[in-house]
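In the numbering used here, the protein residues as written are 5 to 306. For glycine and all other residues, C-beta sits at the position ideal for the given N, C-alpha and C. Note that the structure is predicted; figures quoted are calculated from it, not measured.
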């Protein structure tokens, strides 16, 4: 029996795209013979995962998990919404959120973490699911927020099961008070964030590039009016203020009463919003144009 070295495992992974633990097992079962190990993986359906890696995965699920003073949100993508209704996939995403809560939000660290009850890493478990379910999947992103005092509340819009759905929000509420009260406020803030889609917490942290683009567009629009430059500057300043009210969380109108600013609601509660995260499934992923012939061909070759 040939020695099963790290280099041999790596070579098998590169040939098949299968997970590390599956490659080790294949080599063990095949007495270290590479070609036999490839056949073993093919029979198990594990090498098929590599063929699916180029497919666009824009569906899937978002999941949240929480613990005292912190919470995590993750997004795991699949090719079709059908997979999102798969209980095994839901459990996988839910578990990954809990793992992120423990190890942090670095994707490679999460992938290397052990997946409970399998003897595999998160990355290898994902490869195993790709082979089992037959779709490309991807652990796309994760974020963990923490507070020293207070809560990081979670909110899941249109949840398929508790903490798992399509839009997940974390809201870090920092300050003294009853945890239940802070949790309630945090959940209300989370609902607001899900609906209002803020891009920044405060004016000071608005993306400078986005602000510059907005100002340039507004200047062009204002100049079309033919008014003097001094008037144009005032017009643009007023419109920038309106822009802040649209994209800055603390400047937005509180969706729960339609009148108050979020800033005023938080101040009245005697707490601080330390941060937020909003993950909407598939946002920013470019979906290809539907090509039925290509889809049939891809399915036939899977």
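Q) Helix, strand or coil: which one does DSSP assign to residue 124? A) Annotated three-state conformation of residue 124 is strand, per DSSP.
Q. Within this structure, are the beta carbons of residue 172 and residue 97 separated by less than 8 Å?
A. no
(Q) In this structure, how does DSSP classify residue 163 when only helix, strand and coil are distinguished? (A) Note: residue 163 maps to coil in three-state DSSP.
Q.
Tell me the residue span of the alpha helix (DSSP H) that contains residue 84.
A. No alpha helix (DSSP H) contains residue 84, which DSSP labels as neither H nor E.
Q. Can you round the beta-carbon distance between residue 103 and residue 114 to whole angstroms, since I take them to be within the 8 Å contact cut?
A. 6 Å
Q | For residue 265, the nearest candidate out of 257, 272 and 125 (CA to CA) | A | Here the closest residue by C-alpha is 257.
Q. Considering only the beta carbon of each residue, do residue 105 and residue 157 sit closer than 8 Å?
A. No, the Cβ-Cβ distance between residue 105 and residue 157 is not below 8 Å.
Q: Kindly indicate which three-state DSSP category residue 225 falls into: helix, strand or coil?
A: Looking at residue 225 - three-state DSSP - the assignment turns out to be helix.
(Q) Within the continuous alpha helix (DSSP H) that includes residue 240, where are the two ends? (A) Element bounds for residue 240: 233-251.
Q.
Given a cut-off of 8 Å on the beta-carbon distance, is the pair residue 187 and residue 278 in contact?
A. No, the Cβ-Cβ distance between residue 187 and residue 278 is not below 8 Å.
**Q.** Environment of residue 147 [buried if 16+ CB atoms lie within 10 Å]
**A.** buried
Q: Report yes if the C-beta distance between residue 94 and residue 165 is below 8 Å; otherwise report no.
A: yes
Q | Nearest-angstrom Cα separation, counted from residue 139 out to residue 85 | A | The alpha-carbon separation between residue 85 and residue 139 amounts to approximately 11 Å.
Q: Determine the burial state of residue 143: buried for a count of at least 16 other Cβ atoms within 10 Å of its Cβ, exposed for fewer.
A: buried
Q) Can we say the segment 188-207 touches the segment 239-251, given the rule of at least three CB pairs closer than 8 Å? A) Below 8 Å, enough C-beta pairs join the segment 188-207 and the segment 239-251 to call them touching: three or more.
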